[in-house]
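Peer 1: In this note's numbering, the protein residues as written are 202 to 388.
Here it is, the structure in full.
Here you go:
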């Protein structure tokens, strides 16, 4: 995939199909230590132990509509190509965490991608009973986006996929993303 954000959407889809009502995405750009870390955690049904060792195989999938599941294997290949790794932690009934690391300055590391568009895409995929938390840390700055807070503010009267709400979220996320990349100026 051309951008890491496309992997994020794919793993998010797996979480929702796995029955998750809450998915958390943490992106940590630790430039000083030369690492990019993605962690996607959900509270879905989890992966059975016998399947956990097989999910990295592109020809093993729990889907009945197709016999190939490339998401995990492509993310793992992307991480390993950049001196990183992929780790999957899961417990049946509790959920799953997919953690991938990438050497930050590796020549083969794909760009992170447009995270504003990625988060908006994810929000558009949410059902009424699903929520999403996004934390993006760049060195010592952090931006957090939580659909539970937005739903509370809207009071349940307006859906998240309302065009005005989407427009507001797009601006809010874009501004938050820009702020974490702005250098601090100390007087």
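We treat Cβ as the ideally placed atom computed from N, Cα and C, and that holds for glycine.
If you're wondering where the values come from, they're calculated on a predicted model, not measured in any experiment.
Check whether the stretch 202-216 and the stretch 238-245 touch, using three or more Cβ-Cβ pairs below 8 Å as the test.
Peer 2: Taking 8 Å as the limit for Cβ pairs, the verdict is that the stretch 238-245 does touch the stretch 202-216.
Peer 1: Tell me, please, which residues DSSP counts as bridged to residue 207.
Peer 2: Locating residue 207 in the chain shown gives position 6, where the first residue counts as 1. Beta-bridge pairing links residue 207 to no other residue.
Peer 1: Give the range of the beta strand (DSSP E) segment to which residue 228 is assigned.
Peer 2: Taking the chain shown and counting its residues from 1, one reaches residue 228 at position 27. Taken as a continuous stretch (DSSP letters only), the beta strand (DSSP E) holding residue 228 covers 223-231.
Peer 1: I'd like to know if the stretch 312-332 and the stretch 284-299 are in contact, where contact means that at least 3 CB-CB pairs between them fall below 8 Å.
Peer 2: Contact fails: fewer than three Cβ-Cβ distances are below 8 Å.
Peer 1: Residue 229 to residue 345, Cα distance in whole Å?
Peer 2: In the chain shown, the residue the question calls residue 229 occupies position 28. In the chain shown, the residue the question calls residue 345 occupies position 144. Their Cα atoms are separated by approximately 12 Å.
Peer 1: Straight-line CA distance for residue 310 to residue 283?
Peer 2: In the chain shown, counting from the first residue as 1, residue 310 sits at position 109. In the chain shown, counting from the first residue as 1, residue 283 sits at position 82. Approximately 6 Å, taken between the alpha carbons.
Peer 1: Would you kindly check if the distance between the Cβ of residue 332 and the Cβ of residue 223 is under 7 Å?
Peer 2: Position 22 of the chain shown holds residue 223. Position 131 of the chain shown holds residue 332. Yes; because the gap between Cβ atoms is below 7 Å, this pair is in contact.
Peer 1: Apart from the five residues on each side of it in sequence, which residues of its chain come closer than 8 Å, Cβ to Cβ, to residue 340?
Peer 2: Here residue 340 refers to the residue found at position 139 when the chain shown is read from its first residue. The residues are 230, 231, 232 and 233.
Peer 1: Helix or strand or just coil, what does DSSP make of residue 329?
Peer 2: Numbered from its first residue, the chain shown carries residue 329 at position 128. If DSSP states are grouped into helix, strand and coil, residue 329 belongs with coil.
Peer 1: When the Cα of residue 303 is compared with those of 292, 321 and 279, which residue comes out closest?
Peer 2: Locating residue 303 in the chain shown gives position 102, counting from the first residue. With distances taken between Cα atoms, residue 303 lies closest to 279.
Peer 1: Would residue 265 be called buried (16 or more neighbouring beta carbons within 10 Å of its own) or exposed?
Peer 2: As a working mapping, residue 265 is identified with position 64 in the chain shown. Because the pLDDT at residue 265 is just 48, under 50, the model does not fix this residue reliably, and the value given afterwards should be weighed accordingly. With fewer than 16 Cβ atoms within 10 Å of its Cβ, residue 265 is classed as exposed.
Peer 1: With a cut-off of 7 Å, does the C-beta of residue 221 fall near any C-beta of chain B?
Peer 2: Going by chain labels, chain B is absent from the structure shown, which holds only one protein chain.
Peer 1: Please work out which residues of its chain come closer than 7 Å, Cβ to Cβ, to residue 245, disregarding the five sequence neighbours upstream and downstream, and give them in chain order.
Peer 2: One-based indexing of the chain shown puts residue 245 at position 44. Correct list, in chain order: 216, 219, 220, 221, 296 and 297.
Peer 1: Where are the beta strand (DSSP E) runs, 3 residues long or more, that stay fully inside the stretch 312-374, in chain order?
Peer 2: Segments of the beta strand (DSSP E) lying fully in the stretch 312-374: 332-339 and 342-347.
Peer 1: Measure the alpha-carbon distance for residue 256 versus residue 292 and round it to whole angstroms.
Peer 2: As a first step, residue 256 is located in the chain shown; it is residue number 55 there, counting from the start. As a first step, residue 292 is located in the chain shown; it is residue number 91 there, counting from the start. Distance between the alpha carbons of residue 256 and residue 292 is about 14 Å.
Peer 1: Between residue 348 and residue 206, is the Cβ-Cβ spacing less than 7 Å?
Peer 2: Numbered from 1 along the chain shown, position 147 holds the residue referred to as residue 348. Numbered from 1 along the chain shown, position 5 holds the residue referred to as residue 206. In this structure, residue 206 does not lie closer than 7 Å to residue 348 by Cβ.
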